[in-house]
Ligand code: GTP
Ligand code: MG
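In full-length UniProt numbering, the protein residues as written are 268 to 637.
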């Protein structure tokens, strides 16, 4: 193909989309993350980030610009992926609990979210929305960045009694860097000291201009506790999603991103994967980051075993050779030999990257140590 989106290219290079946007900005080409760039620009970026350009015909390694861009007529509409972000304790998990009719908060240790939760919600009209819950604690900055990079829409939760706090602002910055539209949920509106107008005004100084203030960012007052404003919030998410015209080809080998991965005592390496395109099936051979595997079983967000997972679906995948890294790309490949080959290549790339690039900030240093 002659073109690729920034996000797609970033995924293939295992880089952050925001970093590519920044690099292009520095080269004098301002773009948004979902924008399509031509092959020359893509090749420039690949080199800029120190990757090798490799075409499918050269080898099976797919780090290059080769193509599996799906033809427009193969695309079917898919559920929006919506990430919930905001400062610690502003009510992100409560809001998601209210939307899902569950109670995850009460099961969290200290009431603090420490990982990205991925869930699907079916609305009254039968629309499906995929939600990612992120932690608000300052220690989890990297997870917020990752959330912003795999999402279509961000819901920024701001507690109306507390207002804008450091991780609110950080979440705004991640969202802007990722070029993703934002909906502001002004939460805890039931509290006597709630002041929604103050939140809207304060958002102005972060250059987030809500509709009431003459801008185009949608906002909605909610109470996760009293369960008010939820229908309106869902409505606004669906409206935003419609504008994005989200589509994916379900009839092709699956590609997805690791949201989280861990070594489970009983089940071995387990990765929560968000399928982006194609349909992941039990029995599929895949490569994920520097690991490979064959899908032994898949478990959906309700704990049920499933045989297939289409675009925008989060699933736990069992059958990995090892624990991949969060953010890694999963790609289904034809056979195990190829999977091992690609995995080995990626492992080598990873070592090379580690030994040649010095950490540029404390944050990077920590993520390099993980
Ligand atoms: P982290 O994941 O740790 O960042 O927190 P969180 O944003 O997920 O907040 P959480 O949902 O855990 O809620 C924090 C506290 O706020 C809990 O005690 C909730 O009961 C309370 N809370 C959440 N939403 C509301 C609301 O709408 N009104 C009131 N009064 N309290 C709320
Ligand atoms: Mg939480």
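For every residue, glycine included, the Cβ atom is placed at its ideal position computed from N, Cα and C.
Check	Outcome
As a quick exercise: from 459, 425, 348, pick the residue whose alpha carbon is nearest that of residue 388.	348
May I have a chain-ordered list of the beta strand (DSSP E) segments no shorter than 3 residues that lie completely inside the region 471-515?	485-488
Can at least three beta-carbon pairs, one atom from the region 599-614 and one from the region 519-526, be found at a separation below 8 angstroms?	yes
For residue 352, which residues does DSSP report across the bridge?	423
Is it buried or exposed, residue 565, if we count other Cβ atoms within 10 angstroms and call 16 or more buried?	buried
Can you find a heavy atom of the ligand FAD that lies under 7 angstroms from the Cβ of residue 380?	What this structure holds is the ligand GTP and the ligand MG, not the ligand FAD.
Please classify residue 563: is it buried, with 16 or more other beta-carbons within 10 angstroms of its beta-carbon, or exposed?	exposed
To the nearest angstrom, report how far apart residue 618 and residue 546 are at their CA atoms.	31 angstroms
Determine the direct distance from the alpha carbon of residue 367 to that of residue 376, and round the result to whole angstroms.	20 angstroms
Buried or exposed for residue 515, please, with buried defined as at least 16 other CB atoms from any protein chain shown within 10 angstroms of its CB.	buried
Is residue 279 buried or exposed, if buried means 16 or more other CB atoms sit within 10 Å of its CB?	buried
In whole angstroms, give me the CA-to-CA distance for residue 456 and residue 556.	43 angstroms
Which same chain residues, not among the five before or five after residue 390, have their C-beta less than 8 angstroms away from its C-beta?	396, 501, 505
Which word fits residue 283, buried or exposed, when buried means at least 16 other C-beta atoms lie within 10 angstroms of its C-beta?	buried
Can you name, in chain order, every residue of its own chain whose Cβ lies under 7 angstroms from the Cβ of residue 414, other than the five neighbours on each side?	350, 352, 383, 399, 401
Whose CA, out of 344, 360, 450, 580, lies closest to the CA of residue 526?	580
Is it the case that the CB of residue 466 approaches a heavy atom of the ligand GTP more closely than 7 angstroms?	no
Looking at residue 441 and the ligand GTP, is the gap between the Cβ and the nearest heavy atom below 7 angstroms?	no
Taking the alpha-carbon positions, what's the residue 365 to residue 493 distance?	9 angstroms
Could you tell me the boundaries of the alpha helix (DSSP H) in which residue 308 lies?	306-315
Can you tell me which of the three DSSP states residue 521 falls into?	coil
Could you check the C-alpha separation between residue 531 and residue 461 for me, to the nearest Å?	42 angstroms
With a CB to CB cut of under 6 angstroms and the five nearest residues on each side skipped, what residues in its chain are close to residue 482?	476
Between the Cα of residue 285 and the Cα atoms of 299, 371, 295, which residue gives the shortest distance?	299
In terms of residue numbering, what span does the alpha helix (DSSP H) encompassing residue 363 cover?	359-367
For the candidate residues 549, 425, 441, 393, whose alpha-carbon lies nearest to that of residue 407?	441
Use the C-beta contact count for residue 445: other C-beta atoms within 10 angstroms, 16 or more gives buried, fewer gives exposed.	buried
Starting from residue 536 and walking both ways along the alpha helix (DSSP H), at which residues does that stretch end?	Looking at the DSSP string, residue 536 is not in any alpha helix (DSSP H); the run it does join, the beta strand (DSSP E), is 535-544.
Is the Cβ-Cβ distance between residue 496 and residue 465 less than 8 angstroms?	no
Hey, how far is the Cα of residue 422 from the Cα of residue 552?	35 angstroms
Please name the residue in 561, 469, 317, 356 whose C-alpha comes closest to that of residue 380.	356
Kindly examine the ligand GTP and report whether one of its heavy atoms sits closer than 7 angstroms to the Cβ of residue 496.	no
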